[in-house]
Amino acid sequence: MRKWVKYVIAGIIVAGGAAGWVYRELLPSRHFEEKEHPVVAVPAADLPVSAEVSAAAGQPEATAEKPETGTQEKADPGAFNVLVLGLDTLGRQSSRSDVIMLSRVKPQERKVNLVSIPRDTRVPLPGIGLTKVNHAHFMAELKGGGEAGTEASIQAVSNLLQVPVHYYVKMNFKGFVDFIDEIGGVDIDIPADVFLTAIQQNLPAGRQHLDGWKALAFVRERYSLDNGDFGRQADQSALIRAVVHKLLSPERLPELPGLIQKIKKDVVDTNLTDSDILSLTLMYKDLMPEDMVYVQLPGAALTAQDPLVGQPLWYWEPDLPAVRSIGSQYLR
């Protein structure tokens, strides 16, 4: 056998072995099991104006013990919570969180529990009182910048659901649009016709290809949906799955490392590492619809005076006992 043939074969073997090693190391069940997860927020033991919130729900005040940093439940090893925030801005000005989703990722089981929090959910914020949860980012960012806005949003969600938060991903609308366009758009199945108010365009039922602006209009749409904000949350979950499938498509797979860098560039803020993102992408690749449990935040519509704007606003008033039950069942 000629020497160059031997070298080629040896190179293939080495490359294949390296690829196999990388794949094994990035397997979610292995990658996250051996990692000590950071804890970026735990529920406040003494929630601001929590007695007022409890009175509105007709229940006694609930408190929570502060968990030890980096610990995991024995029954669910390696599992962790990721908060996803989408900001209602196309630039860098002060912004509110328009998309708020907390996911319980279970790498060993390859399952995800996803709890969507309506942006109008009424929660207590320190120094303000009972107001909308998306005001947490806006007010904190005005005083302390983007990092303060992130921290305030994470803490507000942790307090509401009484669970720790380990990771976060924060993206603004411009970054979202640029990223969707960078991967060539996404294909998604639309169950029923939907009118996209932001771009004044009808999206017919069936399989549709969405570019960045259409995808943004789709995940923001609620006015034309029968279930309003809750319908929008279901659409957001569907788009996440579509993005993952696109990232792992044969034509995009060789570009995945560069696309991960693009994600990190467009994501305003995240504490996930590159290897974390790659591992999560591999996990989502094999997820079936039944592997994702989608939970809506229980509560009722309410109009009440807002201390921040000084006038009545529409809220989603959470059913606190039911919300805490969801936290225990799906996020721990």
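Residue numbers (UniProt numbering): 1 to 332. Using N, Cα and C, we set each Cβ at its ideal position, and we do this for glycine too.
Exposed or buried, what is L253 when buried is set at 16 or more other beta-carbons lying within 10 Å of its beta-carbon?
Along the sequence shown, read from residue 1 onward, the residue named residue 253 stands at position 253. Exposed, because fewer than 16 other Cβ atoms sit within 10 Å of the Cβ of L253.
Residue 386 vs A79 beta-carbon contact at 8 Å:
No answer is possible for residue 386: it lies beyond the span of the chain, which begins at 1 and ends at 332.
Among D120, L210 and S249, whose alpha-carbon lies nearest the alpha-carbon of D235?
In the sequence shown, residue 235 corresponds to position 235, counting from 1. When each option's Cα is compared against that of D235, the closest is L210.
Note to self: Could you compute how far the alpha carbon of P60 sits from the alpha carbon of I188?
What the structure shows: In the sequence shown, the residue the question calls residue 60 occupies position 60. In the sequence shown, the residue the question calls residue 188 occupies position 188. For P60, the pLDDT reaches just 37, beneath the cut-off of 50, and the residue's location in the model is therefore unreliable, although a value from the coordinates is still provided. The straight-line gap from Cα to Cα measures roughly 44 Å.
Can the beta-carbon of I100 be found less than 8 Å from the beta-carbon of V123? Counting from one through the sequence shown, the residue named residue 100 turns up at place 100. Counting from one through the sequence shown, the residue named residue 123 turns up at place 123. No. Outside cutoff.
Quick check on the DSSP output: the beta strand (DSSP E) that includes K264 runs from which residue to which? Within the sequence shown, numbered from 1, the residue matching residue 264 stands at position 264. Element bounds for K264: not the beta strand (DSSP E) but the alpha helix (DSSP H), L256 to D266.
Quiz prompt | Through-space distance from I326 to L297, alpha-carbon basis | solution = Residue mapping note: residue 297 aligns to position 297 of the sequence shown, counting from 1. Residue mapping note: residue 326 aligns to position 326 of the sequence shown, counting from 1. Their backbone Cα atoms lie some 8 Å apart in a straight line.
- Item | Beta-carbon proximity list for L302, same chain, < 6 Å, skipping 5 on both sides | Walking along the sequence shown from the start, residue 302 turns up at place 302. Cβ neighbours of L302 beyond the five flanking positions: Y315 and E317.
>> Using the Cβ count rule (16 or more neighbours within 10 Å means buried), how would you classify K143?
In response: As a working note, residue 143 is residue 143 in the sequence shown. Classification of K143: exposed, given that the 10 Å Cβ count is below 16.
My output table needs one value for T281: the three-state DSSP class, helix, strand or coil.
As a first step, residue 281 is located in the sequence shown; it is residue number 281 there, counting from the start. In the three-state DSSP reduction, T281 falls in the helix class (H, G or I).
**Request:** Taking Q311 as part of the beta strand (DSSP E), name the residues at either end of that continuous run.
**Result:** The residue you call residue 311 lines up with position 311 of the sequence shown. Q311 -> beta strand (DSSP E) spans Q311 to P318.
Do L161 and V115 count as a contact pair if the criterion is CB distance below 8 Å? Walking along the sequence shown from the start, residue 115 turns up at place 115. Walking along the sequence shown from the start, residue 161 turns up at place 161. Yes, the pair counts as a contact, with Cβ atoms nearer than the cut-off.
Fully enclosed by the stretch 103 to 172, which beta strand (DSSP E) runs are 3 residues long or longer?
111 to 116, 122 to 125, 129 to 132 and 167 to 172
Can A41 and Q155 be called in contact, C-beta distance under 8 Å? In the sequence shown, counting from the first residue as 1, residue 41 sits at position 41. In the sequence shown, counting from the first residue as 1, residue 155 sits at position 155. Contact: yes.
**Asked** Which two residues bound the contiguous beta strand (DSSP E) that contains A304?
**Response** Along the sequence shown, read from residue 1 onward, the residue named residue 304 stands at position 304. Taken as a continuous stretch (DSSP letters only), the beta strand (DSSP E) holding A304 covers G299 to D306.
Cβ-Cβ distance between A215 and V186 below 8 Å: Translated into the one-based positions of the sequence shown, residue 215 becomes position 215. Translated into the one-based positions of the sequence shown, residue 186 becomes position 186. For A215 and V186, yes; Cβs fall inside 8 Å.
query = Could you give the C-beta distance for E33 and Q108, rounded to a whole number, given that I count them as a contact under 8 Å?
reply = The count along the sequence shown starts at 1 and reaches residue 33 at position 33. The count along the sequence shown starts at 1 and reaches residue 108 at position 108. Confirmed, about 7 Å.
Exercise. Can you tell me the Cα-Cα spacing of G212 and G228, whole angstroms?
Worked result: As a first step, residue 212 is located in the sequence shown; it is residue number 212 there, counting from the start. As a first step, residue 228 is located in the sequence shown; it is residue number 228 there, counting from the start. Using only the alpha carbons, I get a separation of about 22 Å.
**Asked** Where do the ends of the alpha helix (DSSP H) carrying G212 lie?
**Response** Here the question's residue 212 lines up with position 212 in the sequence shown. From DSSP, the alpha helix (DSSP H) with G212 extends over G212 to R220.
L83 and S275 closer than 8 Å at C-beta | For the purposes of this step, residue 83 is taken as the residue at position 83 of the sequence shown. For the purposes of this step, residue 275 is taken as the residue at position 275 of the sequence shown. No, the Cβ-Cβ distance between L83 and S275 is not below 8 Å.
Check: Nearest to P28 by alpha carbon, out of L278, R119 and P307?
Finding: Taking the sequence shown and counting its residues from 1, the one referred to as residue 28 is at position 28. Checked all of L278, R119 and P307; the closest Cα to P28 is L278.
Minimum C-alpha distance to L225 - residue among L203, G184, V177 and M288
Taking the sequence shown and counting its residues from 1, the one referred to as residue 225 is at position 225. If we check each option's Cα against that of L225, L203 comes out closest.
Check: First and last residue of the beta strand (DSSP E) that includes L196?
Finding: Counted from its first residue, the sequence shown places residue 196 at position 196. Residues V194 to L196.
Practice prompt. Taking residue 344 as part of the alpha helix (DSSP H), name the residues at either end of that continuous run.
Written response: Missing from the structure shown is residue 344; the chain here goes from 1 to 332 and no further.
Checklist line | Identity of the residues DSSP links to G327 by a beta bridge | finding: To locate residue 327, count along the sequence shown from 1; it is residue 327. For G327, which the question treats as bridged, DSSP gives no partner whatsoever.
Name the residue from G149, D120, A198 and T270 whose alpha carbon lies nearest to the alpha carbon of P38.
The residue given as residue 38 occupies position 38 in the sequence shown. The option with the nearest alpha carbon to P38 is T270.
Whose CA, out of V267, G127 and R241, lies closest to the CA of M283? Reading the sequence shown from its first residue, position 283 is the one you call residue 283. Nearest to M283 by C-alpha distance, out of V267, G127 and R241, is R241.
Fill in: G290 versus K106 - alpha carbon distance
In the sequence shown, the residue the question calls residue 290 occupies position 290. In the sequence shown, the residue the question calls residue 106 occupies position 106. For the sequence presented, residue 290 should be read as Glu rather than Gly. Distance between the alpha carbons of E290 and K106 is about 14 Å.
Query - Residue-level contact to chain B via CB, D193, 8 Å cutoff - result: In summary, chain B is missing from the structure at hand, where a single protein chain is found.
How big is the Cα-Cα spacing for Q201 and Q305?
Within the sequence shown, residue 201 is the residue found at index 201, counting from 1. Within the sequence shown, residue 305 is the residue found at index 305, counting from 1. Taking the straight line from one Cα to the other gives about 35 Å.
Requested in this report: Just the C-alpha distance for L313 and N81, rounded to the nearest angstrom, thanks.
Outcome: Mapped onto the sequence shown, residue 313 falls at position 313. Mapped onto the sequence shown, residue 81 falls at position 81. Their backbone Cα atoms lie some 30 Å apart in a straight line.
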